[in-house]
Amino acid sequence: MAQKAVRDKAIPIRLACAIFGVSESCYRYQAKNNAENELIANWLIRLTDNNRTWGFGLCYLYLRNIKNFTWNHKRIYRIYRELELNLRIKPRKRLVREKPEALTVPLAINQVWSIDFMHDQLEDGRSIRLFNVIDDFNREALGIEVDFSLPSERVIRSLDQIIGWRGKPCVIRADNVLNARTFSSDRQSHPVRGCKLICVS
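Per the UniProt record's numbering, residue 1 is the first one in the sequence shown, and the count goes up by one each step.
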């Protein structure tokens, strides 16, 4: 209010501070603070206009490390938010899950296989992945592939080997949509061509 009175009514600063109960030092500090805030705002607008993918973190690091400004990060962030420069977070695309088919009990071997991917961690912290193939009739483990990475080519080769000695199943169940889609794409070249693929979750 004191600043508005000085600016609009040309009242002396001392009188305006006395009227509104503000110390002169506080009044003058606020004026300096506003000037710095305007400078910070100008820098933030310039940086985000020139670098559309920069968020607050990169802007702050640039001002501190490249331009050597010593402004407090909380102050910069407050101005950054007031200017509404926050990057819009894109919502994750949700997979449309098809209604899972009811589980049926197979009456013989090779009628239904289940496939599943699992992961575990070694003592040294490295992650490993496992690809399992099970015959649902007798719960026989037909194949287990273990490695640090299991690309689709490796998985298809494993299925090809199992089918080579066991024969092809009528149905293959996958525990989620992603697993089912792995085998449904380009099925003409897959060893499971001709099998029914269903998602159970």
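Positions of the beta carbon are idealized from the N, C-alpha and C atoms, including for glycine.
Put simply, of 76, 10, 3 the residue whose alpha carbon is nearest the alpha carbon of residue 40 is 76. Between the alpha carbons of residue 93 and residue 108 lies a gap of roughly 40 Å. Per the C-alpha coordinates, the member of 34, 37, 173, 9 positioned closest to residue 117 is 173. Here DSSP, grouped into helix, strand and coil, assigns residue 148 to coil.
For residue 131, the enclosing beta strand (DSSP E) stretches over residues 127-135.
Shown here, residue 49 sits in a helix according to DSSP, grouped into three states.
Bounds of the alpha helix (DSSP H) holding residue 79 are 73-82. In this structure, the alpha-carbon of residue 115 lies about 6 Å from that of residue 132. Across the structure, residue 143 and residue 163 are spaced so that their CA atoms are roughly 10 Å apart. Excluding sequence positions up to five before and after residue 119, its CB lies within less than 8 Å of the CB of 127, 128, 129, 130, all in the same chain and listed in chain order. The C-alpha of residue 139 lies about 43 Å from the C-alpha of residue 90. Just so you know, the alpha carbons of residue 156 and residue 171 end up roughly 16 Å apart. For the set 85, 12, 7, the Cα lying nearest the Cα of residue 45 is the one of 85. Among the bridge pairs identified by DSSP, residue 158 is matched with none.
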